[in-house]
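Asks: Numbering (the numbering used here), first residue to last: 2 to 275.
Right, I'll just put the structure down here and ask away after.
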Amino acid sequence: MIDNFQRQWDVVSAFFVELAVKKLSQPSTGFLVIRKNKKNLQWVNEKMKVKLAVQTLSKSVAEALDFLNKDLAIADFKDSEATAYFCRTVNNLFDVFNSRNRMSKKPYEKPLPPATAQYFNFLEEAKDYLKSLKLGDTRVILSRRKLGFLGFIISINSLYEYRVKETKELKYLLTYKLSQDHLKIFFSCIRSKGGYSNNPTSKQFQNILKKLLLHTEISGNEASNVVALDSTSILHCSSSSEIKISEDMTSSSNSIEQDEDFIQFKNFLRISPW
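Following this line, the structure appears as structure tokens:
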């Protein structure tokens, strides 16, 4: 771990604006230009879009910084190892908290099984690293900009150790299903049905919810702050009658080993079709 963490936003800014175009686009470097734009730097105007942070603090940016520092030996990127390390750590944390496919080939996008100590070791190291970051003489988790870092630390401590590692209630965990993206997409659909009013009354909300339930499956707008990354169903109302699960069906289903990433319940409730 890098002890003296002194990263500067100017380093990343210079990479995006100037050298990414002038230096890396030259055929002699043999290095491909990373597709970023001014939105990644002028993020204040679109601070609700998470993808800008994901693109900026990514593995590709870390590798490019190392390339400019070590291979090309550009003076502007001297001592940028700490910035590259920070980008890699945040990139891997994003991958861990957004796993969607149990067959993923990326090391940190795979689901978290209890037997995989590699992920838990990384999470422990990342937690200690985030706690040690400083802005000047103040630790980041004690500063006014602590929210995102505390969110990472709380997420690391909350679910994995108990649900997966200790009680072993889950065979593995696809973390994207725990994301708030689904709730944000739902709220986006509610707002889109309200026209000019983004603060509907209880009666308006009831009518909008009925319309979403009866006429369409919830899907977010591609221009919204959050975009769905998989086909997780948010609201679905079937016109078929409720299925009654008998004891014979329950016992037979329990005898078959099911490979699911969620807890099986004997009974479940359906949303009524109003």
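All C-beta atoms, glycine included, are put in the ideal place defined by N, C-alpha and C.
Bear in mind the structure is a predicted one, so any value in this text is a computation, not a measurement.
#1: Please name the residue, chosen from N93, F87, R103 and D138, that lies closest to Y109 on a Cα-to-Cα basis.
#2: Quick check: the Cα distance between F98 and E64, rounded to an integer number of angstroms?
#3: Classify D129 as buried or exposed, calling it buried when 16 or more other Cβ atoms lie within 10 Å of its own Cβ.
#4: K79: buried (16+ other C-beta within 10 angstroms of its C-beta) or exposed?
#5: Mapping the DSSP letters down to three states, classify R140 as helix, strand or coil.
#6: What residue from S156, S159 and L131 has the CA that sits closest to R146's CA?
#7: Might you give, ordered along the chain, the residues of its own chain that have their beta carbon closer than 6 Å to the beta carbon of N70, omitting 5 neighbours on each side?
#8: Compute the Euclidean distance between the alpha carbons of I142 and K212, then round it to the nearest angstrom.
#9: Please name the residue or residues paired with K185 in a DSSP beta bridge.
#10: Enumerate in chain order the residues of its own chain whose CB-to-CB distance from K23 is below 6 Å, with the five nearest sequence positions on each side excluded.
#11: Does L73 pass the burial test, meaning 16 or more other C-beta atoms within 10 Å, or should it be called exposed?
#12: So T84 and L66 are in contact, right, with Cβ under 8 Å, and what is the actual spacing, rounded?
#13: Can the beta-carbon of L151 be found less than 8 Å from the beta-carbon of S144?
#14: Counting C-beta neighbours from all protein chains within 10 Å, is the total for L174 16 or more, i.e. buried, or is it exposed?
#15: Give me the DSSP bridge partner(s) of K135.
#16: Taking all protein chains shown into account, do 16 or more other C-beta atoms lie within 10 angstroms of the C-beta of K1, making it buried, or fewer, making it exposed?
#17: Can you tell me which of the three DSSP states E110 falls into?
#18: Between D96, P112, R101 and S59, which has its C-alpha nearest C88's C-alpha?
#19: Identify, in the order they occur along the chain, each residue of the same chain with its Cβ nearer than 6 Å to the Cβ of I157, setting aside the five sequence neighbours on each side.
Replies: In this structure, then:
#1: N93
#2: 22 Å
#3: exposed
#4: exposed
#5: strand
#6: L131
#7: F78 and S81
#8: 43 Å
#9: DSSP lists no partner for K185.
#10: Because the pLDDT at K23 is just 49, under 50, the model does not fix this residue reliably, and the point stays unresolved.
#11: exposed
#12: 6 Å
#13: no
#14: buried
#15: R140
#16: Since the first residue shown for the chain is 2 and the last is 275, residue 1 is missing from the structure and cannot be characterised.
#17: coil
#18: S59
#19: L124 and K128
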